[in-house]
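Residue 0 is where the sequence shown starts when you use numbering that gives the first Met the number 0, and the numbers rise one by one after that. Even glycine gets a Cβ: it sits at the ideal position worked out from N, Cα and C. Model, not experiment: these values are computed from the prediction.
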Amino acid sequence: MASVDEFEKTEDSTEEEESESDESEEEEEPKLKYERISNDLVDILKKDCISCLAVHSKFLAAGTHWGMIYILDHIGCHIRDTEITAHSTTVNQISIDDHGDYVASCSDDGKVLITGFYTAENNQSLNFDRPVKAVAMDPLFYKHGSGKHFVTGDDKLVLNEKGGLFSRHRTTALHQGEGPIREIQWIGDFIAWANDLGVKIYDMSTRSRITHIPREHAYRPELYRCNLCWRNEKTLLIGWADRVKVCVIKDRVHDDARNLPSRYVEIVYMFKVDFFVCGIAPLGTDLVMLTYDKPSEQGIIQDSSSKRPQLQLITPHMEDYDVISSDALSLRGYEEYKCNDYHLECLPEENLFYIVSPKDIIVSKLRDEDDHVTWLIDHEQYEEALAVVQQKENTLQKHNLQSLGKDYLDFLLSKRDFEKAAQLCVKILSKNKDSWEEQVYKFAKIKQLKAIAPYIPRENPVLDPAIYEMVLLEFLLSDAERFLQLVRDWPSHLYKVQTVINALLDRLDRDRGNTYLMRALGDLYSYERQFDKALSIYLRLKHKDVFQLIHKHNLFGSISDKIVQLMEFDKEQAVSMLLDNMEKVPMEKVVNQLDKTPEYLFTYLDRIFQKDPHMAEKYHGKQVKLYAEYAPKKLLPFLKSSTHYPLQMALEECEMRNLIPEQVFLLGRMGNVKQALKLITEKLQDVNRAIEFCKDHNEPELWEDLNKYSLDKPFFIKVLLHNIGTHVDPIILIDKIQEGMEIEGLRDSLVKILQDYHLQISLREGCKKILVVDSFNLLDRLIKTQRKGIAVSNMRYASDVIVFHCKHAFHEDCLPVRGVNSCPICSTQKRAPAFK
């Protein structure tokens, strides 16, 4: 079969009917799709014309104007080896039983022919001697004992059957006298036929006519025939010229009247249309109608020009209708045909509709999801098409996400919407390695690798290394910053690192000052485990990750000659790293490296001293100069904490920088206390500090020097009187004060001296008392201890001490005579003897 798009291309696309209004309607998606039946039918139509068609789920039966009947499958191929030469002139109607075992046909030659496909037992050929316009078989004709009924229509409706004892053929006139019968349709128990006056329905179960539906218009039936179609066994569709009726057969529930059929017909829809009806068929609750435009002037029966027929899908209402869709059909030779030249046949259970013209047969069916997607694609609505495919991919046969997605990508690329296309690749290509590589090459061909680079997968799937190298090279040549970002973002196993390094080195030959490229080179060397080269580049660029690189790859052996560079980059972080790894980077190497950069050496040694004052003792001499230069406030605490520096050198350094407190300390440590005191009094003029210095060294000569220096300085005298009372005799200083010298606060100072004196006396007395009490307490404790060693007798020995009963104790060696039995003290008082 050919699609409707294909056969429409064969027609003149410049016709006036294809106006702008038609073009606007094409923007709405059609409800039906069309295919032209071809194959063997094409050869048939070359020599004959179709006059009627009957459809069955198994086959098609096409009658021609030459009286032939062709049995075809649904795509137009012959089912039987030869055609049926049924009549000598036009075949008017063909009827098929429900099983598709028998075909009945009628013709203007007056014959009615019944042909069996599988047996000739019930074949019949009847000659009515007048043109027969319609025929209909009992749907159950195939059944044994069914009576083999069929009806024919000419000037009357005749029921033909076999019955009786010898199964003789009998005919019964069911209706006559109202003109020729042009259409008969039989379903179940009901036969519907149309004549010049209207439509009748006959009930075979009761052998009675149910109703007559009169014609309501004056159009000539030979030009605009009545079209009948059963929706089901109770619903009849009638399309007659420009009138449409839908009738429902119902059973009478309460029927008191006599001689009335047990069934009646109710018209549920009845409306007039703006066109002529060439055929009518059901589609669910809607109607499918083959239509033909009315002539331009009312009352004109014959058209002056032929137009294309249309297949319209409508929703009926009681007196009106809504058009859902309307498709103009370009059937072959439509310019020569009128309304009655077209027919519409259907297979309601399959929603198939056959549009028949003398030289063409087109089958129409509901558009499925594949057709919906195709229409969306044709109208460049790819987003909607993708949504449909994602939701219903399992039910689609023509479309899938991959193929549609690629089409959409090609469309976006043609529209130069590169960013959107790149984003869509992730969704469409998913984990398909080949598709990804194909798409990346497409982007490369149009020089848009930059757009797709952020979306190229790095795992599952991993693409060919050449893909990643191609993208990196693109950025290397045009965008160094993005190149660096990709080098850091993409795992190094995706591409050949050395290949990228070689390309990068060539690029750096032309752009040596590009820091982005240098940083990328450092990273690439690191990926290749060429850490020495990477470290050199990182240090040159002062890369923030240089310390991380050293730690991660244990590059401490490579930094022995790069310590100054590390300090220049970040001396605090560098010192911390060196201190934490002193076993890998010995202190001697660091000091030697930093010896020419005193500031960095100071920072390093200072941190070592803070960590452990004894760790770098051999460099304390250097530290004196370094502290004096870079941290004078730290020098004095350092001098006090360490003893591993040359005192004379340290003194000279302090003298050179006029660091007085440090000189005082060093002079004191060197024993030159007088010079130190002189510096305090003359340079610092700090009497309190001088007093503390004298207290620390507690030498009378220092106090004497301080007193001499203070005699002409009232403030010094005042402070001395307040503080020296407990160290030297204040009378000495008071005696030397010149008469008449005004000393502010002298009285308070004298009172302070007296208070200090009384305090000293009190302290001495208190100490004396405490000493006496402590002596007696200690003696008592000694005696108690000694008692523990005395026996219960008059005298006992405890070690080499003899304790008598009188509680007098003597060392054995202190007794006048060894072995004495009585206390020498108490013997004169004639006390009882003691015992050992």
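Worksheet item: Mind checking whether S94 and V54 have CB atoms under 8 Å apart?
Response: Sequence index remark: in the sequence shown, residue 94 carries index 95 (1-based). Sequence index remark: in the sequence shown, residue 54 carries index 55 (1-based). The answer is no: Cβ separation not under 8 Å.
Worksheet item: Y341 and I354: beta carbons closer than 8 Å?
Response: As a position in the sequence shown, residue 341 is number 342, starting the count at 1. As a position in the sequence shown, residue 354 is number 355, starting the count at 1. I354 sits close to Y341, with the two beta carbons spaced by under 8 Å.
Worksheet item: Count the other CB atoms within 10 Å of the CB of H378; is the residue buried (16 or more) or exposed (fewer)?
Response: Working through the sequence shown from its first residue, we reach residue 378 at position 379. Its Cβ having fewer than 16 others within 10 Å, H378 is exposed.
Fill in: Contacts around K551, its chain only, beta-carbon distance under 8 Å, and the 5 residues preceding and following it disregarded
In the sequence shown, residue 551 corresponds to position 552, counting from 1. Here K551 has no same chain residue with a Cβ atom under 8 Å from its own Cβ, once five neighbours each way along the sequence are excluded.
Discussion item. Could you check whether Y223 and C338 sit closer than 8 Å to each other, using their CB atoms as the reference points?
Written reply: Here the question's residue 338 lines up with position 339 in the sequence shown. Here the question's residue 223 lines up with position 224 in the sequence shown. Yes; because the gap between Cβ atoms is below 8 Å, this pair is in contact.
Worksheet item: On the three-state DSSP scale, how would you describe T680?
Response: Translated into the one-based positions of the sequence shown, residue 680 becomes position 681. In the three-state reduction of the DSSP assignment, T680 falls in the helix class, which pools H, G and I.
Practice prompt. Determine the direct distance from the alpha carbon of R214 to that of I200, and round the result to whole angstroms.
Written response: Sequence index remark: in the sequence shown, residue 200 carries index 201 (1-based). Sequence index remark: in the sequence shown, residue 214 carries index 215 (1-based). Distance from the CA atom of I200 to the CA atom of R214, rounded to whole angstroms, is 14 Å.
Worksheet item: Where are the beta strand (DSSP E) runs, 3 residues long or more, that stay fully inside the segment 218 to 274, in chain order?
Response: Entirely contained in the segment 218 to 274, the beta strand (DSSP E) runs reaching 3 residues are, in chain order, 225 to 231, 234 to 239, 242 to 250, 262 to 271.
Worksheet item: By Cβ distance below 6 Å, which residues in the same chain neighbour I549 in space, the five residues on each side in sequence not counted?
Response: Your numbering for residue 549 matches position 550 in the sequence shown. Sequence-distant partners of I549 (beyond 5 residues in either direction) whose C-beta falls short of 6 Å from its own C-beta are missing from its chain.
Item to complete: Determine which residues share a DSSP beta bridge with G152 and list them.
Response: Within the sequence shown, residue 152 is the residue found at index 153, counting from 1. Beta bridge pairing from DSSP links G152 with A133, L156.
Worksheet item: Does the beta-carbon of D779 have 16 or more other beta-carbons within 10 angstroms, so that it is buried, or is it exposed?
Response: Taking the sequence shown and counting its residues from 1, the one referred to as residue 779 is at position 780. Burial call: exposed.
Worksheet entry | Run of the beta strand (DSSP E) containing I49, from where it starts to where it stops | As a first step, residue 49 is located in the sequence shown; it is residue number 50 there, counting from the start. Here the beta strand (DSSP E) through I49 covers 49 to 54.
Worksheet item: For D21, does the three-state DSSP call read helix, strand or coil?
Response: For the purposes of this step, residue 21 is taken as residue 22 along the sequence shown, with counting starting at 1. Its pLDDT being 47, under 50, D21 is placed unreliably in this model, and the coordinates cannot settle the point.
Worksheet item: Cα separation between Q311 and Y333?
Response: As a first step, residue 311 is located in the sequence shown; it is residue number 312 there, counting from the start. As a first step, residue 333 is located in the sequence shown; it is residue number 334 there, counting from the start. One C-alpha to the other measures close to 17 Å.
Worksheet entry | Buried/exposed call for M317, threshold 16 Cβ in 10 Å | Within the sequence shown, residue 317 is the residue found at index 318, counting from 1. Exposed, since its Cβ has fewer than 16 Cβ neighbours within 10 Å.
Fill in: D97 - DSSP class collapsed to helix/strand/coil
Mapped onto the sequence shown, residue 97 falls at position 98. Here D97 sits in coil by DSSP.
Discussion item. Our contact map puts L600 next to V590 with C-beta atoms below 8 Å; I'd like the distance itself, whole angstroms only.
Written reply: On the sequence shown, residue 600 is found 601 positions in, with the first residue counted as 1. On the sequence shown, residue 590 is found 591 positions in, with the first residue counted as 1. The beta carbons of L600 and V590 sit about 7 Å from each other, so the pair counts as a contact at 8 Å.
Fill in: Under the three-state DSSP convention, the category Q396 falls into
By 1-based counting over the sequence shown, the position of residue 396 is 397. Look at Q396 here: in three-state DSSP terms it is coil, with no helix or strand label.
Discussion item. I'd like to know if the segment 476 to 488 and the segment 518 to 536 are in contact, where contact means that at least 3 CB-CB pairs between them fall below 8 Å.
Written reply: The segment 476 to 488 makes contact with the segment 518 to 536; the number of CB pairs closer than 8 Å reaches 3 or more.
Fill in: Those residues which DSSP pairs with D128 across a bridge
Stepping through the sequence shown from its first residue, residue 128 is reached at position 129. Its beta-bridge partners do not exist; DSSP assigns none.
Item to complete: Give the range of the beta strand (DSSP E) segment to which P464 is assigned.
Response: Sequence index remark: in the sequence shown, residue 464 carries index 465 (1-based). Bounds of any beta strand (DSSP E) do not take in P464; it lies within the alpha helix (DSSP H) bounded by 464 to 477.
Worksheet entry | Short Cβ contact (8 Å threshold) for P260 with S207 | Along the sequence shown, one-based indexing puts residue 260 at 261. Along the sequence shown, one-based indexing puts residue 207 at 208. With a cutoff of 8 Å on beta-carbon distance, P260 and S207 are scored as near each other.
Practice prompt. Kindly indicate the opening and closing residues of the beta strand (DSSP E) around F189.
Written response: Counting from one through the sequence shown, the residue named residue 189 turns up at place 190. Where F189 is concerned, the enclosing beta strand (DSSP E) stretches over 189 to 193.
Fill in: Proximity winner among D128, D544, E160, relative to S106 (alpha-carbon distances)
As a working note, residue 106 is residue 107 in the sequence shown. Out of D128, D544, E160, D128 has the C-alpha closest to the C-alpha of S106.
Discussion item. Using the Cβ count rule (16 or more neighbours within 10 Å means buried), how would you classify R457?
Written reply: Residue mapping note: residue 457 aligns to position 458 of the sequence shown, counting from 1. Burial state of R457 is exposed, judged by a 10 Å Cβ sphere holding fewer than 16 other Cβ atoms.
Worksheet item: Excluding sequence positions up to five away, which residues of its chain have a Cβ less than 8 Å from the Cβ of K45?
Response: Residue 45 sits at position 46 when you count from the first residue of the sequence shown. Hits under 8 Å: none found.
Worksheet item: What separation, rounded to the nearest whole angstrom, lies between the Cα atoms of E651 and C693?
Response: Stepping through the sequence shown from its first residue, residue 651 is reached at position 652. Stepping through the sequence shown from its first residue, residue 693 is reached at position 694. Inter-residue distance for E651 and C693 is about 24 Å (C-alpha atoms, whole angstroms).
Discussion item. Pull the bridge partners of R509 from the DSSP assignment, please.
Written reply: Here the question's residue 509 lines up with position 510 in the sequence shown. For R509, which the question treats as bridged, DSSP gives no partner whatsoever.
Worksheet item: When you compare only the Cα positions, how much space is there between D463 and D569?
Response: The residue labelled residue 463 in the question sits at position 464 within the sequence shown. The residue labelled residue 569 in the question sits at position 570 within the sequence shown. Cα to Cα, D463 sits roughly 41 Å from D569.
Fill in: Counted within 10 angstroms of its Cβ, other Cβ atoms place Q301 as buried (16 or more) or exposed
As a working mapping, residue 301 is identified with position 302 in the sequence shown. Model confidence at Q301 stands at a pLDDT of 47, short of 50, so the residue's coordinates are unreliable; what they give is reported in the following sentence. With fewer than 16 other Cβ atoms from the protein chains shown falling within 10 Å of its own Cβ, Q301 counts as exposed.
Worksheet entry | Cβ contact (3+ pairs, closer than 8 Å) linking the segment 59 to 66 and the segment 146 to 153 | The segment 146 to 153 and the segment 59 to 66 do not touch, with fewer than three beta-carbon pairs separated by less than 8 Å.
Fill in: Cα-Cα separation, K8 to A421
Translated into the one-based positions of the sequence shown, residue 8 becomes position 9. Translated into the one-based positions of the sequence shown, residue 421 becomes position 422. In this prediction, K8 scores a pLDDT of 39, lower than 50, which makes its location untrustworthy; the coordinate-derived value is nonetheless stated afterwards. Their Cα atoms are separated by approximately 36 Å.
Worksheet item: Taking Cβ to Cβ, would you say G860 is nearer than 8 Å to V90?
Response: It is not possible to answer for residue 860, since the shown part of the chain is limited to 0 through 835.
Practice prompt. Rounded to whole angstroms, what's the CA-CA distance from I43 to F410? Just pull it up for me.
Written response: If you number the sequence shown from 1, residue 43 lands on position 44. If you number the sequence shown from 1, residue 410 lands on position 411. Cα atoms of I43 and F410: separation of roughly 43 Å, rounded to the nearest angstrom.
Worksheet entry | Member of K244, P823, L635 whose CA lies at the smallest distance from the CA of R668 | The residue given as residue 668 occupies position 669 in the sequence shown. Considering only alpha carbons, the answer is L635.
Fill in: Proximity winner among Q396, C822, E348, relative to D367 (alpha-carbon distances)
Mapped onto the sequence shown, residue 367 falls at position 368. For D367, the closest C-alpha among the options Q396, C822, E348 is that of Q396.
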